[in-house]
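Asker:
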Amino acid sequence: MAEIIRVEELVKGYDTQKVLDGVNFSIAKGSITAIMGVSGTGKTVLLRHLIGLEKPDSGAVYLDGTNIVSMGSKRLNRIRRRLGVLFQEAALFDSLCVWDNVAFPIREHRGFSRTQIVEKVEDKLAMVGMLKHSGKLPSELSGGMRKRVGLARALALDPEIVFFDEPTTGLDPVTRAAIYRLISRTHFEASGTFVIVSHDIEGVLDISDEVMMMWAGKIVSRGTPEQIRKTSDPLIRQFVTGSADGPIDVDMTN
Amino acid sequence: MSQRRLFGLVLCRLFCRGAKVVIPMTNVQSPCEARQSASPSQSLTVWFGQCCLQGAMSFFEEIGRGLILLVASVYWVFRPPIRIRQFMEQLDFVGAQSIVLIGLTGGFTGMVSVLQGYTGLHRYGAESMIGATVALALARELGPVISALMIVGRVGSAFTAELGSMRNTQQIDALASMAVEPVQYLVAPRIIASILCMPVLTIIFCFFGMVGGYWVAVGYLGLDAGMFLGGVRYYLDAGDVAHGLTKSVVFGLIFSLVACSEGYHARGGARGVGLATTRSVVVSAVLVLLGDYVMTSVMFG
Numbered sequence: 043m044a045e046i047i048r049v050e051e052l053v054k055g056y057d058t059q060k061v062l063d064g065v066n067f068s069i070a071k072g073s074i075t076a077i078m079g080v081s082g083t084g085k086t087v088l089l090r091h092l093i094g095l096e097k098p099d100s101g102a103v104y105l106d107g108t109n110i111v112s113m114g115s116k117r118l119n120r121i122r123r124r125l126g127v128l129f130q131e132a133a134l135f136d137s138l139c140v141w142d143n144v145a146f147p148i149r150e151h152r153g154f155s156r157t158q159i160v161e162k163v164e165d166k167l168a169m170v171g172m173l174k175h176s177g178k179l180p181s182e183l184s185g186g187m188r189k190r191v192g193l194a195r196a197l198a199l200d201p202e203i204v205f206f207d208e209p210t211t212g213l214d215p216v217t218r219a220a221i222y223r224l225i226s227r228t229h230f231e232a233s234g235t236f237v238i239v240s241h242d243i244e245g246v247l248d249i250s251d252e253v254m255m256m257w258a259g260k261i262v263s264r265g266t267p268e269q270i271r272k273t274s275d276p277l278i279r280q281f282v283t284g285s286a287d288g289p290i291d292v293d294m295t296n
Numbered sequence: 028m029s030q031r032r033l034f035g036l037v038l039c040r041l042f043c044r045g046a047k048v049v050i051p052m053t054n055v056q057s058p059c060e061a062r063q064s065a066s067p068s069q070s071l072t073v074w075f076g077q078c079c080l081q082g083a084m085s086f087f088e089e090i091g092r093g094l095i096l097l098v099a100s101v102y103w104v105f106r107p108p109i110r111i112r113q114f115m116e117q118l119d120f121v122g123a124q125s126i127v128l129i130g131l132t133g134g135f136t137g138m139v140s141v142l143q144g145y146t147g148l149h150r151y152g153a154e155s156m157i158g159a160t161v162a163l164a165l166a167r168e169l170g171p172v173i174s175a176l177m178i179v180g181r182v183g184s185a186f187t188a189e190l191g192s193m194r195n196t197q198q199i200d201a202l203a204s205m206a207v208e209p210v211q212y213l214v215a216p217r218i219i220a221s222i223l224c225m226p227v228l229t230i231i232f233c234f235f236g237m238v239g240g241y242w243v244a245v246g247y248l249g250l251d252a253g254m255f256l257g258g259v260r261y262y263l264d265a266g267d268v269a270h271g272l273t274k275s276v277v278f279g280l281i282f283s284l285v286a287c288s289e290g291y292h293a294r295g296g297a298r299g300v301g302l303a304t305t306r307s308v309v310v311s312a313v314l315v316l317l318g319d320y321v322m323t324s325v326m327f328g
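Chains as they are written, first to last, in our numbering: chain A, 43 to 296; chain B, 28 to 328.
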């Protein structure tokens, strides 16, 4: 399958700490890929580089064949119109109501008529089951509802690539399952490329085509969910079973 | 921490921003306190030097990022799409919603100026000069400076707090990820609205100042209305008004740039936004007064 995202030797450090230490991978078009790892291994930082929110110290990020690292803001914005991002805390605009939040990227894209905007927004809101709350402000919503609105906003323009930063962190098990079902259903319908950054291994293994494991600023292994489940690699085994003992030293002893 | 040391710390803190005074909460020093204060092995002189260096660096860093933001705003203002809606919202917030506050403060400033001026001028029998004195003071100094300080408190703090919260909840990142340039969407409309509103607010301030002054002079002190207005007409010329309005435009640029820069670069959650807002108001107010002196000495020098 054709690749749509390619990351080469990505390095990024803050102060004295190296967060990304030579990340390499590629993601196939139309797949759901999960990037997993314990908290603090640089998953979110990696995601910010993929959207071009941060510039790496060295390395390259190719989105659909073009390197976005050296790109000026004008061309970068043209690429960004093809992306959707669900941020960790949803990052809804708190001055706008739910409806306007979802309408925001559609209005910004221009070239849509009023009726098209209404149609698209209501379609996406219905998809995440938030149509009846469309007049509420983000501050009036629960965490799970905010994530759903964020999801509707990320998918508003039917983007080619959608990034999810911890889509289920901090949610109850029922809402979490609902979010995963929503993600896999929309992927089935929209057939974009989905990249999920998460440490919620069980949910992610169920819906993704490929899983990458990140540890200490590097992609240490990758494979299909079956391979990940069956692997003998002690690092992955520890993560899958959720054990405190193993090669991943979470460093809580001193 | 010895008393001498604490005294030194406070002294250093007065002179440079890099130094942090840590007042220990208990007799045990936590790691974050240790990180903030210098290591005890250093001499106070070395530590003072380091603090000064740090302070100077953060000072220049702040100026630099403010100027970069200004250049970016100017660049993005002239690029499509034009953010009319955001601009109108800010015009409303900075201008229209400030009118009551500015009118009120202007009125009281004019009233108290007449009252104070009268006690002085009355001694020399120069009551006829009261109108001219107050009009000149309002047009040249009080109008632009006091309205700028009021707007710094009302609008500048809101700019910093809002942008700072947006930064800390990833809303600015979300804008960028949706191909909306945050500087164009958030910063540029605020700066332009401030630059345009300040002279108008200054005029309103001066108008209400004169109305208040007239009321106190004629209604309360019983001075002759013709004498009051005649003095204003004779001594106040268009140059004084232009001088005051030029100042107010510069003040508008200064405070909005400081406020937006502090908010746009705010880090560190609720505390960070709080500190940024404090810094924004303090730095804006100081720069307004400093700029006032510089501009007055240039324009009258």
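By construction, the Cβ of each residue, glycine as well, lies at the ideal position given by its N, Cα and C atoms.
Values in this document were obtained by computation on a predicted structure and should not be read as measured data.
State yes or no: is the beta carbon of B:Q143 nearer than 8 Å to at least one beta carbon in chain A?
Answerer: Not an interface residue.
Asker: Determine the DSSP secondary structure at A:V14, reduced to helix, strand or coil.
Answerer: Summary: the structure shown does not reach residue 14 of chain A, with chain A confined to residues 43 through 296, and so no result is reported for it.
Asker: Mind checking if B:A244 is an interface residue toward chain A, Cβ cutoff 8 Å exclusive?
Answerer: no
Asker: State yes or no: is the C-beta of A:K54 within less than 8 Å of the C-beta of A:V87?
Answerer: yes
Asker: Is the shortest distance between the beta-carbon of B:G45 and the beta-carbons of chain A less than 8 Å?
Answerer: Because the pLDDT of B:G45 is 49, which lies under 50, any placement of that residue in the model is unreliable, and the question is left without a value.
Asker: If we count the other Cβ atoms within 10 Å of its Cβ and call it buried at 16 or more, is B:P209 buried or exposed?
Answerer: Here B:P209 is buried: its Cβ has 16 or more other Cβ atoms, across all protein chains shown, within 10 Å.
Asker: Would you mind telling me which residues of chain A sit closer than 9 Å to B:D200, beta carbon to beta carbon, in chain order?
Answerer: R90, I93, L95, V127, F129, A133
Asker: Taking 8 Å as the CB-CB cut-off, is B:M254 touching chain A?
Answerer: no
Asker: Can you give the Cα-Cα distance for A:H91 and A:D207, rounded to whole angstroms?
Answerer: 13 Å
Asker: Taking A:E182 as the query, report the chain B residues whose CB atoms sit under 9 Å from its CB, ordered along the chain.
Answerer: Contact annotation for A:E182 against chain B: no contact, minimum CB-CB distance about 16 Å [criterion: below 9 Å].
Asker: Quick check: is the beta carbon of B:A188 nearer than 8 Å to any beta carbon in chain A?
Answerer: no
Asker: Going by other Cβ atoms of all chains shown within 10 Å of its Cβ, with 16 needed for buried, is A:F281 buried or exposed?
Answerer: buried
Asker: Under 8 Å Cβ-Cβ, which residues of chain A neighbour B:T196?
Answerer: E131, A133, D136
Asker: Quick one: what's got a C-beta closer than 8 Å to B:R92's C-beta in the same chain, skipping five residues either side?
Answerer: S288, H292
Asker: Please classify A:A70: does DSSP put it in a helix, a strand, or coil?
Answerer: strand
Asker: Give the DSSP-derived three-state secondary structure of A:S155 in the structure shown.
Answerer: Under the three-state reduction of DSSP output, A:S155 falls in the coil class, being neither helix nor strand.
Asker: Taking the C-alpha atoms as reference points, what is the distance between A:Q59 and A:S100?
Answerer: Looking at the two C-alpha atoms, the distance is approximately 15 Å.
Asker: What does A:E208 reach in chain B if we use C-beta pairs closer than 9 Å?
Answerer: Neighbours of A:E208 on chain B: none; closest Cβ ~12 Å, over 9 Å.
Asker: Taking Cβ positions, are A:T235 and A:E252 nearer each other than 8 Å?
Answerer: no
Asker: When the distance is taken between beta carbons, is B:V300 closer than 8 Å to B:A185?
Answerer: Using a Cβ distance threshold of 8 Å, B:A185 and B:V300 do not count as a contacting pair.
Asker: Return the first residue and the last residue of the alpha helix (DSSP H) that B:E168 is part of.
Answerer: Where B:E168 is concerned, there is no enclosing alpha helix (DSSP H), given that its DSSP letter is neither H nor E.
Asker: Could you give the distance in angstroms between the alpha-carbon of B:S283 and the alpha-carbon of B:L213?
Answerer: Looking at the backbone, the Cα of B:S283 and that of B:L213 are separated by about 12 Å.
Asker: In the DSSP assignment, what are the bridge partners of A:M256?
Answerer: A:I261
Asker: Give the residues from the segment 221 to 238 of chain A that approach chain B closer than 9 Å (Cβ to any Cβ), ordered along the chain.
Answerer: Cβ contacts with chain B: none found.
Asker: Quick one, are the C-beta atoms of A:F129 and A:G192 less than 8 Å apart?
Answerer: yes
Asker: Given a cut-off of 8 Å, decide if A:I74 and A:I238 are closer than it, judged by their beta-carbon atoms.
Answerer: yes
Asker: Quick check on this structure: which residue in B:M254, B:Q124, B:H149, B:A162 has the alpha carbon closest to the alpha carbon of B:M237?
Answerer: B:A162
Asker: Roughly how far, in whole angstroms, is the beta-carbon of B:I231 from the beta-carbon of B:G130, given that I think they are within contact range, below 8 Å?
Answerer: 6 Å
Asker: Given this structure, state the Cα-to-Cα distance separating A:T83 from A:S112, to the nearest angstrom.
Answerer: 25 Å
Asker: Taking just the CA atoms, how far does B:G279 sit from B:D251?
Answerer: 37 Å
Asker: Pull up the CB-CB distance for B:G239 and B:F135, whole angstroms please, since I reckon it's below 8 Å.
Answerer: Indeed, because the Cβ distance is near 6 Å, the residues count as touching under 8 Å.
Asker: Can you name, in chain order, every residue of its own chain whose Cβ lies under 8 Å from the Cβ of A:S2, other than the five neighbours on each side?
Answerer: Coverage of chain A is limited to positions 43 through 296, which leaves residue 2 of chain A absent and any answer about it impossible.
Asker: Would you please verify whether the beta carbon of A:S115 is less than 8 Å from any beta carbon of chain B?
Answerer: yes
Asker: Using a cut-off of 8 Å between C-beta atoms, extract the partners of B:E88 located in chain A.
Answerer: Correct list: empty, because the minimum Cβ distance to chain A is about 15 Å.
Asker: In angstroms with no decimal places, state the Cα-to-Cα distance between B:Q113 and B:V227.
Answerer: 19 Å
Asker: Let me confirm a value: B:G266 is counted as buried when at least 16 other C-beta atoms fall within 10 Å, else exposed. Which label applies?
Answerer: exposed
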